[in-house]
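Enquirer: Line by line, the protein sequences are chains A and B. Following this note's numbering, the numbering of the first sequence begins with 1 at its first residue and continues without gaps. Following this note's numbering, the numbering of the second sequence begins with 1001 at its first residue and continues without gaps. Idealized CB from N, CA, C, for every residue including glycine. Bear in mind the structure is a predicted one, so any value in this text is a computation, not a measurement.
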Amino acid sequence: MHASLIDTIRPGGMTRRQFIKSVIAVGAVSSSGFLFSGPADAGPSTSPGTVERLITLNVNGQRRRVDVLPQETLAQTLRNKLGLTGLKVGCDRGECGSCTVLVDTVPQYACSLLTHSVRGKAILTVEGLARADGKLHPLQQGVLDEQGFQCGYCAPGFLMATLGFLATNPNPTRQELAHGVSGNLCRCQDYDKILTALMRGAENMRKE
Amino acid sequence: MAIIRDGMPPFDLFRPTSVGDALALAGRLGADAWILAGGFDSLERFKDRIKRPKAVIDLGAIDELRGVRREGSDLVIGAMTTLTEVSRHPDIRERFGLLSEAAAAVASPQIRNQGTLGGNIAQDTRCWYYRSGWTCYRAGGGTCFAGESPQGQNREHAIFGAEGCVAVNPSDTAPALVALEARLLIKNPKGGREIAAEDFFVGPDQDITRLNILAPGEMLTAIRLPATWSGATFYFEKVSDRPVWDFPLVNIAAAMRLTGDRIDQSHLVLGAVAARPWRLLEVEAAVAGRDRNDVAEAASRLAPKGAVVLPQNGYKAVLAANLIKRALLGNRDA
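Right, dumping it as structure tokens:
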């Protein structure tokens, strides 16, 4: 595409070249997410509560510096900017559960959270479960042993929802666990095996 | 089915840390500002380009809006307290179990972990014509697609109090708060006021464009539960297509003062049958002073009185009748 055409379609009054220069100038980590621009770029504001764009997130125990748009969801930041594609975006409306991550140990839908709202909180995604040496988390091991999922698209969400639920109830009945993960859908209708696998995982966790 | 796009259109985001700052911002930004609580009513409409605010004021960083505290014999719940916290809080469970049950019936675990009590009662209607951006009466247009069109899909719509618009208030906690005579604290840049929960909600006869009295720049900051109904006999039931996620087809929140089986006083409130929680005042009067076992059948027949059903929602009148009977008898199998 011709450079001038790119320049004219960018909203916000900044050309692509100027924009890239400015990003380099402030030492930002470049990313693929700069699709939008607009009033948020208009300049610094002194209003109380104004958010900065360059923020630090605590993800899987690591401090990650990232440029976050005001309207960006946590699912977008984690998948598109931090490369954590374990969480899935099934519906983008909080109606399927495949984007579930833990925010300060509480299961939440990453598609329905503004990234700026989790500043200062500990985010855990499915990538953060296994140990550095590759040993699986006992919950993951239970799922592997029981072959709990068919296609597996919903598995990361189920794992994180289960982990969050087990923090409040480490020794649930099958029925209680079913209620605990009721905010997650499986299109393969594999619920029976999923529950068996998650129960095994919970048992593994109690033994560790 | 919602179309998944690349994200939300841009807006300025503000995360004030005090109610004062939030109100000052709201005052300064005026009609350009959107006040965000848990986000489940808001973000999907931003994603769908149905609402396009220039600025969003996220209340999530304001500590004073969270938590439950005792004030004399009252309980005061911050508007940003999550539904999970409301459903689990020991004082609420012990004294106002009706609200715990209602909060626990909302949507899904993750939504309750993020969704707030304030947001649940202040949320907009889920009528899909309105939510999809059709220019209906509620959106400032000249028709009601659900109620007036021969092809209108109105299985989930109102049977009571519909004037023009047949949308319903989808909240599970709102009927419980009306039954408990909760007081709502509302603040604006000029000051504040406290009103009865019942007066917070408005029907299309009062204002067809909104479900509650909050004006632009106003915030619901807290919900006060007076001791009036503390420890009373409660009944909550939600009927929905799926036990998770779905909004109620009909729900009921009942608070009763009993002597033995005699009903001394009751508040009987249906949800999702009108644009506001619908108190059955005639039924309340008819059952006062009566033995609940004797009066349940008659009350059940009286409950749907005045209902105007649409082609697809006649079942709601039947549900209302059955739920009243169950509530009075305190028996889910009745």
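1) DSSP puts B:Gly1192 in a beta bridge; with which residues?
2) Using Cβ-Cβ distances below 8 Å, what residues of the segment 144 to 161 of chain A are close to chain B?
3) How about the segment 164 to 176 of chain A and the segment 188 to 208 of chain A: do they share at least three Cβ pairs that are nearer than 8 Å?
4) Quick one: is A:Leu102 buried, meaning 16 or more other Cβ sit within 10 Å of its Cβ, or exposed?
5) Excluding the 5 residues preceding and the 5 following A:Leu185 in the sequence, name in chain order all residues of the same chain whose CB lies nearer than 7 Å to its CB.
6) Among the residues of its own chain, which have a CB less than 7 Å from the CB of B:Phe1200, if the five just before and after it don't count?
7) Quick one: is A:Leu74 near chain B, going by C-beta distance under 8 Å?
8) Is B:Leu1083 buried or exposed, if buried means 16 or more other CB atoms sit within 10 Å of its CB?
9) Any beta carbon from chain A within less than 8 Å of B:Arg1066's own beta carbon?
10) Any idea what DSSP makes of B:Ala1272, helix, strand or coil?
11) Against chain B, which members of the segment 64 to 96 of chain A pass a CB distance test of less than 8 Å?
12) Mark B:Lys1187 as exposed unless 16 or more other C-beta atoms lie within 10 angstroms of its C-beta, in which case mark it buried.
13) Just to make sure I have the definition right: I need the residues of chain A whose C-beta is within less than 7 Å of the C-beta of B:Asp1058. Which are they?
14) For a test of the three-state rule: what should DSSP assign to B:Trp1245, helix, strand or coil?
15) At the level of alpha carbons, what is the spacing between B:Val1076 and B:Arg1224?
16) Going by C-alpha distance, which of B:Ala1215, B:Glu1071, B:Ala1320 and B:Ser1132 is nearest B:Asn1251?
17) Using a Cβ-Cβ cut-off of less than 7 Å, give me the residues of the segment 1098 to 1119 of chain B that come near chain A, in sequence order.
18) Might you give, ordered along the chain, the residues of its own chain that have their beta carbon closer than 8 Å to the beta carbon of B:Met1219, omitting 5 neighbours on each side?
19) Could you tell me the alpha carbon to alpha carbon distance between B:Pro1311 and B:Pro1150, rounded to whole angstroms?
20) Check whether the Cβ of B:Asp1012 lies closer than 8 Å to any Cβ atom in chain A.
21) Just the C-alpha distance for B:Arg1276 and B:Pro1016, rounded to the nearest angstrom, thanks.
22) Do B:Arg1045 and B:Pro1009 count as a contact pair if the criterion is CB distance below 8 Å?
23) Is the Cβ-Cβ distance between A:Val143 and A:Ala161 less than 8 Å?
24) Can you tell me whether DSSP reads A:His179 as helix, strand or coil?
25) In terms of residues, what are the limits of the alpha helix (DSSP H) holding B:Phe1200?
26) Does any residue of chain A have a CB that is nearer than 8 Å to the CB of B:Trp1134?
27) Excluding five sequence neighbours on each side, which residues of the same chain lie with their C-beta closer than 6 Å to the C-beta of B:Trp1229?
28) Taking only heavy atoms of the ligand GDP into account, decide whether any of them is closer than 7 Å to the Cβ of A:Cys188.
29) Does the structure place the segment 1202 to 1210 of chain B close enough to the segment 1273 to 1289 of chain B that three or more beta carbon pairs sit under 8 Å?
30) Would you call the segment 72 to 81 of chain A and the segment 109 to 119 of chain A touching, i.e. three or more CB-CB distances under 8 Å?
31) Under DSSP, the beta strand (DSSP E) around B:Tyr1235 begins and ends at which residues?
32) Tell me the DSSP secondary structure of A:Gly38 in three-state form.
33) Give every residue of the same chain whose Cβ lies closer than 7 Å to the Cβ of B:Ile1062, excluding the five residues on either side of it in the sequence, and list them in chain order.
34) Taking C-beta to C-beta, are B:Pro1053 and B:Asp1074 nearer than 8 Å?
35) Taking A:Gln108 as part of the beta strand (DSSP E), name the residues at either end of that continuous run.
36) Any beta carbon from chain B within less than 8 Å of A:Cys188's own beta carbon?
Expert: Considering the structure as presented:
1) By one-based count along the second sequence, residue 1192 of chain B stands at place 192. B:Lys1187, per the DSSP bridge assignment.
2) Ala161
3) yes
4) Position 102 of the first sequence holds residue 102 of chain A. With 16 or more other Cβ atoms within 10 Å, it is buried.
5) Residue numbering aside, residue 185 of chain A sits at position 185 when the first sequence is read from its first letter. The answer, listed in chain order, is Cys96, Gly97 and Cys154.
6) Taking the first residue of the second sequence as 1, we reach residue 1200 of chain B at position 200. Leu1184, Asn1212 and Ile1213.
7) The residue labelled residue 74 of chain A in the question sits at position 74 within the first sequence. For A:Leu74, the answer is no, since every Cβ of chain B falls outside 8 Å of its Cβ.
8) Numbered from its first residue, the second sequence carries residue 1083 of chain B at position 83. Result: buried.
9) The sequence position of residue 1066 of chain B within the second sequence is 66, counting from 1. No, no contact with chain A.
10) Position 272 of the second sequence, counted from the first residue, corresponds to residue 1272 of chain B. DSSP places B:Ala1272 in coil when its eight states are reduced to three.
11) Leu69, Pro70, Gln71, Glu72, Thr73, Gln76, Val89, Cys91, Asp92, Arg93, Gly94 and Glu95
12) Here residue 1187 of chain B refers to the residue found at position 187 of the second sequence. The residue in question, B:Lys1187, is buried, as its Cβ has 16 or more Cβ neighbours within 10 Å.
13) As a first step, residue 1058 of chain B must be located in the second sequence, where it is residue number 58. In chain order: Leu114 and Ser117.
14) The sequence position of residue 1245 of chain B within the second sequence is 245, counting from 1. Coil at B:Trp1245, not helix or strand.
15) Here residue 1076 of chain B corresponds to residue number 76 of the second sequence, with the count starting at 1. Here residue 1224 of chain B corresponds to residue number 224 of the second sequence, with the count starting at 1. The straight-line gap from Cα to Cα measures roughly 4 Å.
16) Taking the second sequence and counting its residues from 1, one reaches residue 1251 of chain B at position 251. For the residues B:Ala1215, B:Glu1071, B:Ala1320 and B:Ser1132, the minimum Cα distance to B:Asn1251 belongs to B:Ala1320.
17) Ser1108, Pro1109, Gln1110, Ile1111, Asn1113 and Gln1114
18) In the second sequence, residue 1219 of chain B corresponds to position 219, counting from 1. Excluding residues within five positions, the ones whose Cβ falls inside 8 Å are Val1019, Ala1022, Leu1023, Ala1026, Ile1035, Leu1059, Ala1079, Ile1186, Lys1187 and Asn1188.
19) For the purposes of this step, residue 1311 of chain B is taken as residue 311 along the second sequence, with counting starting at 1. For the purposes of this step, residue 1150 of chain B is taken as residue 150 along the second sequence, with counting starting at 1. Whole-angstrom Cα-Cα distance: 9 Å.
20) As a working mapping, residue 1012 of chain B is identified with position 12 in the second sequence. Cβ-Cβ to chain A under 8 Å: yes for B:Asp1012.
21) For the purposes of this step, residue 1276 of chain B is taken as residue 276 along the second sequence, with counting starting at 1. For the purposes of this step, residue 1016 of chain B is taken as residue 16 along the second sequence, with counting starting at 1. Straight-line Cα distance between these residues: approximately 31 Å.
22) If you number the second sequence from 1, residue 1009 of chain B lands on position 9. If you number the second sequence from 1, residue 1045 of chain B lands on position 45. It is not a contact, given that the beta carbons lie outside the stated cut-off.
23) Looking up residue 143 of chain A in the first sequence gives position 143. Looking up residue 161 of chain A in the first sequence gives position 161. No; because the gap between Cβ atoms is not below 8 Å, this pair is not in contact.
24) Working through the first sequence from its first residue, we reach residue 179 of chain A at position 179. DSSP places A:His179 in helix when its eight states are reduced to three.
25) Position 200 of the second sequence holds residue 1200 of chain B. From DSSP, the alpha helix (DSSP H) with B:Phe1200 extends over Ala1197 to Phe1200.
26) As a first step, residue 1134 of chain B is located in the second sequence; it is residue number 134 there, counting from the start. It does not: the Cβ of B:Trp1134 has no partner Cβ on chain A nearer than 8 Å.
27) Locating residue 1229 of chain B in the second sequence gives position 229, where the first residue counts as 1. Once the five neighbours on either side are set aside, the close Cβ partners of B:Trp1229 are Leu1180 and Ala1255.
28) Absent from the structure shown: the ligand GDP. Ligands present: none.
29) yes
30) yes
31) Indexing the second sequence from 1 puts residue 1235 of chain B at position 235. Thr1233 to Val1239 is the span of the beta strand (DSSP E), which, as asked, contains B:Tyr1235.
32) Working through the first sequence from its first residue, we reach residue 38 of chain A at position 38. Model confidence at A:Gly38 stands at a pLDDT of 41, short of 50, so the residue's coordinates are unreliable; what they give is reported in the following sentence. Correct three-state label for A:Gly38: coil.
33) One-based indexing of the second sequence puts residue 1062 of chain B at position 62. Same-chain partners within the cutoff: Pro1016, Thr1017, Ser1018, Val1019, Ala1022 and Met1080.
34) Stepping through the second sequence from its first residue, residue 1053 of chain B is reached at position 53. Stepping through the second sequence from its first residue, residue 1074 of chain B is reached at position 74. No, the Cβ-Cβ distance between B:Pro1053 and B:Asp1074 is not below 8 Å.
35) On the first sequence, position 108 is the one that residue 108 of chain A refers to. Taken as a continuous stretch (DSSP letters only), the beta strand (DSSP E) holding A:Gln108 covers Val106 to Tyr109.
36) Sequence index remark: in the first sequence, residue 188 of chain A carries index 188 (1-based). Taking Cβ atoms only, chain B never reaches closer than 8 Å to A:Cys188, which makes this a no.
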